Structures are given as C-alpha cells and as structure tokens.
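J.:
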Amino acid sequence: MNSRLEIFLGLSVELTAFSHFDLLGTGLTERYLATLDKVVGGEITDALLAAFVALPPEDEARIRAMRTTILGNELLGDVARALIKLWYSGTWFELPTAWTERFGPRPADTTFVVSPDAYVEGLLWKAIGAHPAGAKAPGFGSWAFPPKIPPLPGPDYQNLVPPPLNGL
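Counted the way this note's numbering counts, the sequence shown spans residues 2 to 169.
Put into structure tokens, the structure is as follows:
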C-alpha cells in the first residue's frame with residue numbers, strides 16, 4: 002500500500018470511527034480514494050490528506066483540530082463529510098450548492114453509487130447491526146432472534162454528552 006493510500010485510510014478511520022481492519026475489509030479503499038480524486042480533483046484531495054497529516058498527536062487536541070482544521074474548513078469540510086457518507090452508504094452525494102458556488106463546479110460531482118459492492122459493504126450495515134437488503138442474508142430463521150446491537154466504535158461517547166438541564 003502506498004503512503005498516499007495509507008494516509009487516506011488513516012483519515013477514513015478517524016472520520017468513520019471504524020478500524021483499519023473494517024475499512025480494508027470492504028475492499029473499497031482504493032476505489033474510494035480514486036472516487037475522491039475524480040470528483041474533487043487531486044489537488045483538493047491532497048490538501049485534505051495534508052491537513053490530516055498535520056493534525057497533532059492523538060488526544061483531545063487532535064479531536065478539536067480535526068473539527069476546526071478539516072470539518073470546519075470551508076474547502077475541506079464538505080468534502081470530508083461527503084467522504085463519510087461515501088464510506089457509510091457507498092454513495093457519493095453531490096457537494097452542497099454553496100461549496101460549488103464558492104470553489105467551482107466539478108463535472109464528476111453528481112450523486113452516484115460507486116459500485117454494487119459499495120452498497121453491500123457500506124458501513125451503515127455494521128453500524129446498525131443489520132444486513133443490506135438483497136445481499137449478505139443473515140441466514141434461515143435468523144428473524145426469530147432479537148437483533149444484536151454492536152457496541153459503539155471509537156472513543157467513549159458518554160463523556161461527550163452534555164449534562165441534563167436543571168428544571169427541564
């Protein structure tokens with residue numbers, strides 16, 4: 002795996018809260034990087050990857066920097082959010098009109114499903130503990146058992162929930 006692909010995978014791990022193993026297991030890492038290059042161009046993709054590499058080491062400062070430097074950035078934020086949606090659904094969703102007006106239209110920036118595999122391997126199925134309709138059937142009679150809800154991946158989200166408001 003080349004370093005650009007490794008950086009893309011690292012970025013994707015942090016944006017999706019899924020592991021390297023899970024993302025590589027989809028078999029779509031190279032295809033998603035190629036999709037990003039095709040839709041927004043190599044220059045913007047490289048800017049996104051460079052911003053990720055420049056983040057501070059892992060801790061609270063890294064999370065804040067990810068939010069401000071990438072997700073809060075005018076150019077990179079919508080691209081990063083489109084990448085998150087791509088990993089979860091297998092669909093590239095057209096960038097917002099405000100982004101296109103600010104940075105110019107991209108001919109390949111239309112909503113499209115990257116491939117049939119992308120739908121089947123979408124992270125949303127793991128996230129909700131389900132199987133994609135028409136693919137990866139859970140097995141005969143499995144409907145008779147209660148659903149298995151997997152634990153949330155990533156950091157302890159309990160610490161991120163604001164305390165309840167008094168009097169409400």
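A virtual CB, placed ideally from N, CA and C, is assigned to each residue, including glycine.
Owing to the predicted nature of the structure, the values given are computational and were not obtained by experimental measurement.
1. Which stretch, first to last residue, makes up the alpha helix (DSSP H) that contains R103?
2. Considering only residues of the same chain and omitting the five flanking positions on each side of Y120, which have a CB-CB separation below 7 angstroms?
3. Considering only residues of the stretch 74-139, which uninterrupted alpha helix (DSSP H) runs meet the minimum length of 4 residues and lie entirely inside it, listed in chain order?
4. Roughly how far, in whole angstroms, is the beta-carbon of V40 from the beta-carbon of W88, given that I think they are within contact range, below 8 angstroms?
5. Measuring alpha carbon to alpha carbon, tell me which of L49, G73, M67, D38 ends up nearest A1.
6. So, at 7 angstroms on beta carbons, what are the nonlocal neighbours of L77 in its own chain, with the 5 sequence-adjacent residues on each side left out?
7. In terms of residue numbering, what span does the alpha helix (DSSP H) encompassing S13 cover?
8. Among T101, R5, L16, S4, whose alpha-carbon lies nearest the alpha-carbon of K86?
9. Out of E44, S13, K149, S4, point me to the one whose CA is closest to F104's CA.
10. Can you tell me where the alpha helix (DSSP H) with I45 in it begins and where it stops?
11. State the Cα-Cα distance for the pair G26 and Y33, rounded to the nearest angstrom.
12. Please classify V54 as buried or exposed, where buried requires at least 16 neighbouring CB atoms within 10 angstroms.
T.: So, to answer that:
1. Taking the first residue of the sequence shown as 1, we reach residue 103 at position 102. That run of the alpha helix (DSSP H) goes 98-104.
2. Within the sequence shown, the letter at position 119 stands for residue 120. G91, V114, P133, listed in sequence order.
3. 77-90, 98-104, 117-121, 124-129
4. The residue you call residue 40 lines up with position 39 of the sequence shown. The residue you call residue 88 lines up with position 87 of the sequence shown. Actually they are not in contact, since the Cβ atoms of V40 and W88 sit about 14 angstroms apart, beyond 8 angstroms.
5. Only positions 2 to 169 of the chain appear in the structure, and residue 1 is not among them; the question remains open.
6. Indexing the sequence shown from 1 puts residue 77 at position 76. Taken in chain order, the residues that qualify are A48, L49, A52, I71.
7. Position 12 of the sequence shown, counting from 1, holds the residue named residue 13. Run containing S13: 4-17, per the alpha helix (DSSP H) assignment.
8. What you label residue 86 is simply residue 85 of the sequence shown in a count that begins at 1. The residue with the shortest Cα to Cα distance from K86 is L16.
9. Against the sequence shown, residue 104 aligns to sequence position 103. The option with the nearest alpha carbon to F104 is E44.
10. Your numbering for residue 45 matches position 44 in the sequence shown. I45 -> alpha helix (DSSP H) spans 43-54.
11. Against the sequence shown, residue 26 aligns to sequence position 25. Against the sequence shown, residue 33 aligns to sequence position 32. Approximately 13 angstroms, taken between the alpha carbons.
12. Here residue 54 refers to the residue found at position 53 of the sequence shown. The residue is exposed, with fewer than 16 neighbouring Cβ atoms inside 10 Å.
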